[in-house]
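Since the structure comes first, as structure tokens, the remarks are kept for the end.
Numbering (this note's numbering), first residue to last: 15 to 724.
See below:
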């Protein structure tokens with residue numbers, strides 16, 4: 015009855031899997047040869063592999079006629095290997111460390127004696143890969159915890175691998191889609207010269223990449239929750255697919271038969287910092303920027319008693335859990351240096367002559383009226399009504415310039431408060447139904463509520479205008495089952511659902527609610543909470559971005575078969591991925607609501623040529639691009655207007671990917687393994703479920719239908 019029930023559960027699970035798809039597994043293999051004292055092969059020896067952390071038997075196999083044994087699809091962890099044969103002493107190989115994707119060779123030589131006698135051997139601390147040509151690098155959980163990580167992000171350690179380069183500062187890689195400064199976070203790693211967007215980033219084998227640009231991760235597991243991670247750089251087997259560059263797979267911690275855990279906090283504070291030199295050079299001095307950095311959390315793991323389902327024998331504890339929760343509370347003040355109109359310029363008084371009247375003929379503007387230096391604009395021409403609206407809601411709310419002209423003309427140096435918070439929850443449950451069936455479930459969730467003073471991905475120096483509020487959630491569900499139908503036939507499979515999002519909205523005065531008086535028209539009347547932007551030749555622009563909504567979903571499943579036939583370990587599998595990506599097309603566009611550009615129109619009448627005006631010349635007759643562009647703004651003379659598109663489309667991009675593979679690991683000798691394999695991938699083009707995107711199909715082109723100019 016128990017066997018029938020297990021078989022029913024297995025059939026139901028794989029029926030569900032086949033409707034979904036596949037992923038990279040996080041298991042390893044142990045193989046070896048059992049020999050007698052003369053070095054001859056010893057068939058029929060019983061090899062029992064026990065998980066040292068849980069005390070449960072993971073696999074029990076028998077050596078074949080050549081003395082070989084194989085135990086594939088073992089979970090990451092420490093194992094004890096017991097080898098027994100009639101007429102020989104029992105040998106126990108203790109603490110064999112098995113890491114993800116390892117193919118360990120553990121040969122055992124038995125000596126003549128009573129079976130009740132035991133020879134205990136401690137495993138080598140350094141294991142050598144003898145069965146795979148793959149080049150890889152392992153970072154253990156202990157190394158992750160003990161190495162100094164500036165941002166406590168495991169990605170920093172990827173750059174330590176040979177052949178890996180990072181297109182940035184690797185010790186400043188933050189968790190989340192954005193940094194505490196509002197800039198974009200990307201996994202900009204090139205492995206052996208491959209494109210940085212061609213890497214596979216996985217957690218326990220589950221896809222962990224936003225499939226838009228393939229450069230943003232969905233989850234960032236706490237370093238205290240990571241058992242290890244491995245970077246496979248090249249020459250990996252056919253069982254690895256999807257991309258052809260590197261594979262970076264994180265393995266999360268599991269519970270053991272003993273309770274364990276930790277609690278921690280890492281902090282930084284401006285009381286420990288000195289002020290910066292630029293802050294001391296302005297009048298009045300800018301204070302030391304406040305800093306609050308608190309990174310704290312805890313982990314706990316252990317057995318769950320009282321779960322009797324599918325026990326091997328009474329009293330076994332076969333269910334284990336691990337839970338991790340981590341928080342980040344970061345308040346960071348960043349220096350922003352902008353170029354803003356001076357107080358006299360805001361009232362229409364300039365240090366040099368500016369043009370305030372124009373005539374335009376055949377696209378060329380000519381100055382028809384000049385405002386002398388020092389004379390108020392209102393005494394000559396009125397201020398444009400739309401300019402008055404911007405003056406009220408934006409310009410007059412900016413502080414006047416405060417930095418030396420040698421640093422920046424009309425420079426304004428000050429600090430802005432950014433908030434970078436994070437909460438992560440990770441739970442993993444491992445259950446062993448018996449020596450032939452095991453499973454685990456893992457859930458991870460990240461939230462990143464942040465505020466970006468300079469705007470999401472923008473870094474505008476006018477934070478009063480461009481600030482945004484953003485949240486970047488990410489979560490993944492993963493279920494995985496391994497079944498040993500016989501000592502030489504194993505099946506494993508699983509399903510993962512990954513989700514990631516970036517939801518950002520403007521909170522500065524570029525938002526309509528922040529500038530209620532601005533009624534500037536735009537060419538394409540879009541119903542968006544943004545006012546048209548304003549750009550200048552020298553002054554900082556009144557621009558911003560958002561609202562931005564980016565969502566990534568991935569249904570990912572797999573099924574693998576492993577069959578051992580003599581010295582051959584044959585594997586075959588199928589993978590399916592369903593990707594869905596929705597992202598509003600113009601969310602990051604500065605011109606979605608239009609931009610009025612003031613580049614400094616024609617010079618005032620009687621202005622001197624540039625050659626007659628050396629740098630620093632204060633002659634009122636020398637033209638000033640800065641003052642002229644702001645004078646054009648005040649008088650409503652717009653040389654250029656730009657608007658990106660008719661509407662902010664949100665395509666619903668979908669793609670189904672199918673992959674199958676087969677491979678044979680043929681152990682020709684104890685020190686020689688030949689790996690053969692092939693993988694077939696079907697990557698059809700994505701489709702837009704909303705039918706909002708277009709493309710060019712040459713087969714449908716008709717020359718006679720092409721538009722012509724009159």
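From the three backbone atoms N, C-alpha and C, an ideal C-beta is built for every residue, glycine too.
Quick one, are the C-beta atoms of residue 529 and residue 475 less than 8 Å apart?
-> Contact: no.
Run through the segment 461-543 for me and flag every whole alpha helix (DSSP H) of 4 or more residues, listed as ranges in chain order.
-> Restricting attention to alpha helix (DSSP H) runs no shorter than 4 residues, the segment 461-543 encloses them at 477-480, ordered along the chain.
So is residue 716 buried or exposed if we call it buried at 16+ other beta carbons inside 10 Å?
-> So residue 716 ends up on the exposed side.
First through last residue of the alpha helix (DSSP H) which encompasses residue 291 = Taken as a continuous stretch (DSSP letters only), the alpha helix (DSSP H) holding residue 291 covers 291-294.
Which class does residue 672 belong to by DSSP, given the choice of helix, strand or coil?
-> For residue 672, the three-state secondary structure derived from DSSP is strand.
6 Å CB neighbourhood of residue 454 in its chain, flanking five on each side removed = Taken in chain order, the residues that qualify are 444 and 494.
Check residue 151 in the structure and name its three-state DSSP category.
-> In the structure shown, residue 151 sits in a strand (DSSP, three-state: E or B).
Count the other C-beta atoms from every protein chain shown that fall within 10 angstroms of the C-beta of residue 375, then say buried if there are 16 or more, exposed otherwise.
-> Residue 375 comes out exposed.
Residue 641 - containing beta strand (DSSP E), residue span = Bounds of any beta strand (DSSP E) do not take in residue 641; it lies within the alpha helix (DSSP H) bounded by 639-649.
Cβ-Cβ separation, residue 536 to residue 608 (assumed contact under 8 Å), whole Å = A Cβ-Cβ distance of about 4 Å is found for the pair residue 608 and residue 536, placing them in contact under the 8 Å criterion.
Could you check which residue in 250, 517 and 617 has the C-alpha nearest to that of residue 639?
-> Ranking the options by Cα distance to residue 639, first place goes to 617.
DSSP three-state assignment for residue 37, whether helix, strand or coil | Low per-residue confidence applies at residue 37: pLDDT is 48, beneath 50, and the placement is therefore not dependable, though the value from the model is reported in the following sentence. Reduced to three states, the DSSP call for residue 37 is coil.
For the segment 38-58 and the segment 80-99, state whether three or more C-beta atom pairs, one from each stretch, are separated by less than 8 Å.
-> The segment 38-58 is in contact with the segment 80-99.
If you pair each beta-carbon of the segment 679-693 with each one of the segment 245-258, do three or more pairs fall below 8 Å?
-> The segment 679-693 is in contact with the segment 245-258.
Taking Cβ to Cβ, would you say residue 561 is nearer than 8 Å to residue 601?
-> In this structure, residue 601 lies closer than 8 Å to residue 561 by Cβ.
For residue 409, which three-state DSSP category applies?
-> Three-state result, residue 409: helix.
Thinking C-beta only, is residue 407 closer than 8 Å to residue 532?
-> For the 8 Å CB-CB criterion, residue 532 and residue 407 form a contact.
When you compare only the Cα positions, how much space is there between residue 380 and residue 621?
-> Computed Cα separation, rounded: 13 Å.
Pick helix, strand or coil for residue 119, following the three-state DSSP scheme.
-> The answer is strand: DSSP assigns residue 119 an E or B state.
Whole-angstrom distance between residue 346 and residue 527, CA atom to CA atom = Straight through space, the alpha carbons of residue 346 and residue 527 are spaced by roughly 26 Å.
If we ignore side chains and look at the alpha-carbon of each, how far apart do residue 296 and residue 423 end up?
-> One C-alpha to the other measures close to 13 Å.
For residue 711, name the three-state secondary structure that DSSP assigns.
-> Here DSSP, grouped into helix, strand and coil, assigns residue 711 to coil.
Under a Cβ-count criterion, where at least 16 other Cβ atoms within 10 Å of its own Cβ denotes burial, should residue 707 be classed as buried or exposed?
-> By the neighbour-count rule (16 or more Cβ atoms within 10 Å), residue 707 is not buried but exposed.
Compute the distance between the beta-carbons of residue 42 and residue 118, then report whether it is under 8 Å.
-> Cβ distance < 8 Å, so residue 42 and residue 118 count as in contact.
Inter-residue spacing [alpha-carbon to alpha-carbon] between residue 429 and residue 595 = Taking the straight line joining both Cα atoms gives about 36 Å.
Helix, strand or coil for residue 635 per DSSP?
-> Note: residue 635 maps to coil in three-state DSSP.
Separation of residue 230 from residue 188, as counted between CA atoms = Between the alpha carbons of residue 188 and residue 230 lies a gap of roughly 11 Å.
With DSSP as the reference, label residue 67 as helix, strand or coil.
-> Residue 67 falls in the coil class under three-state DSSP.
Mark residue 176 as exposed unless 16 or more other C-beta atoms lie within 10 angstroms of its C-beta, in which case mark it buried.
-> Label assigned to residue 176: exposed.
Residue(s) in a DSSP beta bridge with residue 126 | In the DSSP assignment, residue 126 is bridged to 102.
In DSSP terms, what residue 47 is bridged to = Note: residue 47 sits in a beta bridge opposite 82.
Is it right to say residue 685 is buried, meaning 16 or more other beta carbons lie within 10 angstroms of its own, or is it exposed?
-> In summary, residue 685 is exposed, with fewer than 16 beta-carbon neighbours lying within 10 Å of its beta-carbon over all protein chains present.
Straight-line gap, residue 68 to residue 270 (C-alpha atoms, nearest Å) | So the alpha carbons of these two residues sit roughly 5 Å apart.
Is residue 404 helix, strand or coil when you go by DSSP?
-> In the structure shown, the three-state DSSP call for residue 404 is helix.
Does the segment 435-449 come close enough to the segment 347-356 that 3 or more CB-CB pairs lie under 8 Å?
-> Output reads no: the segment 435-449 does not touch the segment 347-356.
Reference residue 234, options 217, 100 and 228, closest by Cα = Among 217, 100 and 228, the Cα nearest to that of residue 234 is on 217.
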